[in-house]
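Peer 1:
Number of protein chains: 2
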Amino acid sequence: MITLTEENYIKAIYHLGKQGVETVNTNAIAEALQTKASSVTDMLKKLAEKGYADYIKYQGVNLTLEGKKIAIGIIRKHRLWEVFLVEKLNFKWDEVHQVAEDLEHIKSEKLIDQLDAYLKHPTHDPHGDPIPDRDGNFKQIEKILLSQATLGKKYQCVGVKDTSSAFLNYLDANTIALGTEIVLLHKEPFDQSIKIKINSREITVSQNVAKNLFLKTV
Amino acid sequence: MITLTEENYIKAIYHLGKQGVETVNTNAIAEALQTKASSVTDMLKKLAEKGYADYIKYQGVNLTLEGKKIAIGIIRKHRLWEVFLVEKLNFKWDEVHQVAEDLEHIKSEKLIDQLDAYLKHPTHDPHGDPIPDRDGNFKQIEKILLSQATLGKKYQCVGVKDTSSAFLNYLDANTIALGTEIVLLHKEPFDQSIKIKINSREITVSQNVAKNLFLKTV
DNA sequence: ATAAAAATTTAGATTAATCTAAATATAAAT
DNA sequence: ATTTATATTTAGATTAATCTAAATTTTTAT
Chain A
1 MITLTEENYI KAIYHLGKQG VETVNTNAIA EALQTKASSV TDMLKKLAEK GYADYIKYQG
61 VNLTLEGKKI AIGIIRKHRL WEVFLVEKLN FKWDEVHQVA EDLEHIKSEK LIDQLDAYLK
121 HPTHDPHGDP IPDRDGNFKQ IEKILLSQAT LGKKYQCVGV KDTSSAFLNY LDANTIALGT
181 EIVLLHKEPF DQSIKIKINS REITVSQNVA KNLFLKTV
Chain B
219 MITLTEENYI KAIYHLGKQG VETVNTNAIA EALQTKASSV TDMLKKLAEK GYADYIKYQG
279 VNLTLEGKKI AIGIIRKHRL WEVFLVEKLN FKWDEVHQVA EDLEHIKSEK LIDQLDAYLK
339 HPTHDPHGDP IPDRDGNFKQ IEKILLSQAT LGKKYQCVGV KDTSSAFLNY LDANTIALGT
399 EIVLLHKEPF DQSIKIKINS REITVSQNVA KNLFLKTV
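Residue numbers (the working numbering), protein chains in the order written: chain A, 1 to 218; chain B, 219 to 436.
1) Output needed for Arg297 of chain B: all residues of its chain with C-beta closer than 7 Å, excluding positions within five of it in sequence on either side, in chain order.
2) Beta-carbon within less than 7 Å of Asp312 of chain B's beta-carbon, same chain only, minus the 5 sequence neighbours each way: which residues are those?
3) Going along chain B, which residues have a C-beta under 8 Å from Asp102 of chain A?
4) What is the DSSP secondary structure of Asn62 of chain A, counted as helix, strand or coil?
5) Tell me, please, whether the CB atom of Lys306 of chain B is closer than 7 Å to any CB atom in chain A?
6) Considering Ala53 of chain A, what are the terminal residues of the beta strand (DSSP E) in which it resides?
7) Going by beta carbon distance, what residues of the same chain come within less than 7 Å of Ser411 of chain B, once the five residues before and after it are set aside?
8) Do Ile10 of chain A and Tyr52 of chain A have their CB atoms nearer than 7 Å?
9) Assuming contact is defined by CB atoms lying nearer than 7 Å, are Val242 of chain B and Val279 of chain B in contact in what I supplied?
10) Beta carbon of Leu111 of chain A, beta carbon of Trp81 of chain A: below 7 Å?
11) What are the partner residues of Gly231 of chain A, as DSSP defines its beta bridges?
12) Closest Cβ-Cβ distance between Leu433 of chain B and chain A: below 7 Å?
13) Run through DSSP, which three-state label would Lys143 of chain A get?
14) Quick one: list the residues of chain A neighbouring Leu337 of chain B, beta-carbon separation under 7 Å, in chain order.
15) Using a C-beta cutoff of 7 Å, does Tyr114 of chain A count as contacting chain B?
16) What are the start and end residues of the beta strand (DSSP E) that includes Thr187 of chain B?
17) Between Glu420 of chain B and Leu403 of chain B, which are expected to be in contact by the criterion C-beta below 8 Å, what is the C-beta distance as a whole number of angstroms?
18) Taking C-beta to C-beta, are Lys143 of chain A and Val160 of chain A nearer than 7 Å?
19) Does DSSP classify Pro128 of chain A as helix, strand or coil?
20) Report buried or exposed for Asp260 of chain B, applying the criterion of at least 16 other Cβ atoms within 10 angstroms of its Cβ.
21) Identify every run of the alpha helix (DSSP H) within the stretch 156-201 of chain A, keeping only runs that are complete inside it and at least 4 residues long; order them along the chain.
22) Specify, as a first and last residue, the run of the alpha helix (DSSP H) that Val242 of chain B falls within.
23) Helix, strand or coil for Thr41 of chain A per DSSP?
24) Just the Cα atoms here: how many angstroms apart are Asp351 of chain B and Leu251 of chain B?
25) In the structure shown, what three-state DSSP assignment does Lys11 of chain A receive?
26) Specify the secondary structure class of Thr422 of chain B as computed by DSSP and reduced to three states.
27) Counting only the same chain and skipping the five closest in sequence on each side, list residues whose C-beta sits under 7 Å from that of Ile231 of chain B.
28) Under 7 Å between the Cβ atoms of Ser326 of chain B and Ala428 of chain B?
29) For Asn392 of chain B, which residues from the same chain have a beta carbon less than 7 Å from its beta carbon, with the 5 sequence-adjacent residues on both sides left out?
30) Alpha carbon to alpha carbon, how far is Leu234 of chain B from Leu265 of chain B?
31) Near Thr381 of chain B, which residues of its chain fall below 8 Å by C-beta distance, leaving aside the five closest residues on each side in sequence?
32) Determine the chain B residues that contact Leu168 of chain A at a beta-carbon separation under 8 Å, and present them in chain order.
33) Going by DSSP, name the residue or residues bridged to Lys154 of chain A.
34) Taking Cβ-Cβ distances below 8 Å as the criterion, which residues of the stretch 353-375 of chain B are in contact with chain A?
35) Considering only C-alpha positions, which residue in the set B:Asn430, B:Val304 and B:Ala255 is nearest to Ile275 of chain B?
36) Let me see if you follow: with CB-CB separation under 7 Å, is Leu185 of chain A close to chain B or not?
Below is the structure:
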């Protein structure tokens, strides 16, 4: 049996591993989980012992295949619950994370499969992140940041990098949601701000916004 | 902050307290929670210290007002989730308990209030038990067991005493569900079996069944 | 009313997860 | 190539929840 704490460590290692780094180090995990490095060391030994991770003293840690499977299962649950909260219970997309953080640990295959079916097998969560299927497969749509987009082209909003309430509320206030069409009108060299057209309205957004909004070409 | 374990003890004490007994004793709790009496003693001290229970050594325990509030809150969550599982996710009524047992501990006021609204403020769970409202109020409909019903009268099925899969499956197989109308046709003195009419079909049920099916007069 | 049985509590250990402080290893800087 | 700084691990404690076994209290039976 896997404990809640173990699940949280596995998830953290998985996410940190996806940031391009191949081997995840102790301090990064401690930072992510708001705990102390010594606690992390203890847990890494335990995860290695249980076969969820490959861990070499002082060198860092990687998830085993089994560890990855567990991580993906948790992520699947987390994102399905997020969809449920937004679509059925009228949560706003900045309110779902904390609750989903708890719901993702409920263990019942039937629950998740039925939830998945009830939501009509969604492929992406309210932040645009892909939802793994039963077998753990998912494809990341190739997406770019608004800051890297090309002038004049037409895009569709597919996700956010920053998931803070502040940013998500900003987007709501400016009627930018998943699926919103965006045309890049002008890039201001002076401060990297960007003028875009959304819903036939023109607005200018800061570099900060442009660096946290994911788009795909349409 | 209240821990998961504390919540489970409080719920167990609440349910045991409802069985007519005024003061709940240690062994009953140990039995209900499948743990040892010594563990119960430790927890009772803790619950008393935290103000959730009144506990007198060797005498037994009672929930304080605050303890009762917590218990009712958990029961509200449990029963709302049961409704959700049956109505939205196609669980059968014998499959919901274990999952609801986990879901009931998720702490989010908004989650529960929205779920309640989404389910259209149900007043009873799939086993016929009443669902407390936000303020903890609920009314038990006066119900009797089939074994105590009167000959010739018309009743409606409103709940079950035994919630085992075996019993619930038996009811399903015999098309007896919540709301089903039942007329009592004959009581057999020899073995206390009872002949009833349901959905214009006549069947005979054992004493055991009759003692576990709750009805109300219509 | 006293002895026997049952229920309950205490004392002392154990396990999981955590922490602090000290020790050790690795990386960076001169 | 040392020294210094940073990262990581170890050693030893702590807390919550649990257990076993022994001690104590209450209840039941004679």
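Glycine included, C-beta positions come from ideal geometry on N, C-alpha and C.
Peer 2: Reading off the structure:
1) Within the second sequence, numbered from 1, the residue matching residue 297 of chain B stands at position 79. Only Asp343, Asp347 and Ile349 meet the Cβ criterion.
2) Taking the first residue of the second sequence as 1, we reach residue 312 of chain B at position 94. Sequence-distant Cβ neighbours of Asp312 of chain B in its own chain, meaning closer than 7 Å and more than five residues away, are Ser383, Leu386 and Asn387.
3) Working through the first sequence from its first residue, we reach residue 102 of chain A at position 102. Under the 8 Å cutoff, chain B gives Ile324, Lys325 and Ser326.
4) Working through the first sequence from its first residue, we reach residue 62 of chain A at position 62. Asn62 of chain A falls in the strand class under three-state DSSP.
5) As a working note, residue 306 of chain B is residue 88 in the second sequence. Yes, contact with chain A.
6) In the first sequence, residue 53 of chain A corresponds to position 53, counting from 1. Here the beta strand (DSSP E) through Ala53 of chain A covers Ala53 to Ile56.
7) What you label residue 411 of chain B is simply residue 193 of the second sequence in a count that begins at 1. Cβ neighbours of Ser411 of chain B within its own chain (closer than 7 Å, five residues either side excluded): Thr422, Val423, Ser424 and Gln425.
8) In the first sequence, residue 10 of chain A corresponds to position 10, counting from 1. In the first sequence, residue 52 of chain A corresponds to position 52, counting from 1. Contact: yes.
9) Counting from one through the second sequence, the residue named residue 242 of chain B turns up at place 24. Counting from one through the second sequence, the residue named residue 279 of chain B turns up at place 61. Yes, these two residues count as a Cβ contact at 7 Å.
10) Taking the first sequence and counting its residues from 1, the one referred to as residue 111 of chain A is at position 111. Taking the first sequence and counting its residues from 1, the one referred to as residue 81 of chain A is at position 81. Trp81 of chain A sits away from Leu111 of chain A, with the two beta carbons spaced by 7 Å or more.
11) There is no way to answer for residue 231 of chain A, as the model of chain A reaches only from 1 to 218.
12) Counted from its first residue, the second sequence places residue 433 of chain B at position 215. By this cut-off, Leu433 of chain B is not an interface position.
13) The sequence position of residue 143 of chain A within the first sequence is 143, counting from 1. Three-state result, Lys143 of chain A: coil.
14) On the second sequence, residue 337 of chain B is found 119 positions in, with the first residue counted as 1. Neighbours of Leu337 of chain B on chain A: none; closest Cβ ~10 Å, over 7 Å.
15) Here residue 114 of chain A is taken as the residue at index 114 of the first sequence, counted from 1. Before going further, note that residue 114 of chain A is Gln rather than Tyr in the sequence given. Judged by the 7 Å Cβ criterion, Gln114 of chain A is in contact with chain B.
16) Here chain B comprises residues numbered 219 to 436, so residue 187 of chain B is not present and cannot be evaluated.
17) Residue mapping note: residue 420 of chain B aligns to position 202 of the second sequence, counting from 1. Residue mapping note: residue 403 of chain B aligns to position 185 of the second sequence, counting from 1. Yes, Glu420 of chain B and Leu403 of chain B are in contact; Cβ-Cβ is about 7 Å, under 8 Å.
18) Residue numbering aside, residue 143 of chain A sits at position 143 when the first sequence is read from its first letter. Residue numbering aside, residue 160 of chain A sits at position 160 when the first sequence is read from its first letter. No. Outside cutoff.
19) Here the question's residue 128 of chain A lines up with position 128 in the first sequence. Residue 128 of chain A is actually Gly in this sequence, not Pro. It is coil, neither helix nor strand.
20) As a working mapping, residue 260 of chain B is identified with position 42 in the second sequence. Counting Cβ neighbours within 10 Å, Asp260 of chain B comes out exposed, since fewer than 16 surround it.
21) 165-173
22) In the second sequence, the residue the question calls residue 242 of chain B occupies position 24. Val242 of chain B -> no alpha helix (DSSP H), and no H or E assigned at all.
23) Walking along the first sequence from the start, residue 41 of chain A turns up at place 41. Correct three-state label for Thr41 of chain A: helix.
24) By 1-based counting over the second sequence, the position of residue 351 of chain B is 133. By 1-based counting over the second sequence, the position of residue 251 of chain B is 33. C-alpha separation (whole angstroms): 26 Å.
25) Translated into positions along the first sequence, residue 11 of chain A becomes position 11. If DSSP states are grouped into helix, strand and coil, Lys11 of chain A belongs with the helices.
26) Position 204 of the second sequence, counting from 1, holds the residue named residue 422 of chain B. Strand.
27) The sequence position of residue 231 of chain B within the second sequence is 13, counting from 1. Cβ neighbours of Ile231 of chain B beyond the five flanking positions: Val242, Ile247, Ala271, Val279 and Leu281.
28) Residue numbering aside, residue 326 of chain B sits at position 108 when the second sequence is read from its first letter. Residue numbering aside, residue 428 of chain B sits at position 210 when the second sequence is read from its first letter. Not in contact: Ser326 of chain B and Ala428 of chain B (Cβ atoms no closer than 7 Å).
29) Counting from one through the second sequence, the residue named residue 392 of chain B turns up at place 174. Cβ neighbours of Asn392 of chain B beyond the five flanking positions: Ile421.
30) Looking up residue 234 of chain B in the second sequence gives position 16. Looking up residue 265 of chain B in the second sequence gives position 47. Rounded to the nearest angstrom, the two C-alpha atoms are 16 Å apart.
31) To locate residue 381 of chain B, count along the second sequence from 1; it is residue 163. Within the same chain, Thr381 of chain B has close Cβ partners Asp312, His315 and His345.
32) Locating residue 168 of chain A in the first sequence gives position 168, where the first residue counts as 1. Simply none; closest approach about 16 Å.
33) Residue 154 of chain A sits at position 154 when you count from the first residue of the first sequence. Looking at the DSSP output, Lys154 of chain A shares a beta bridge with A:Val183.
34) none
35) Against the second sequence, residue 275 of chain B aligns to sequence position 57. The sequence given here places Lys at residue 275 of chain B; Ile does not occur at that position. Minimum Cα distance to Lys275 of chain B is reached at B:Ala255.
36) Residue 185 of chain A sits at position 185 when you count from the first residue of the first sequence. So, not an interface residue.
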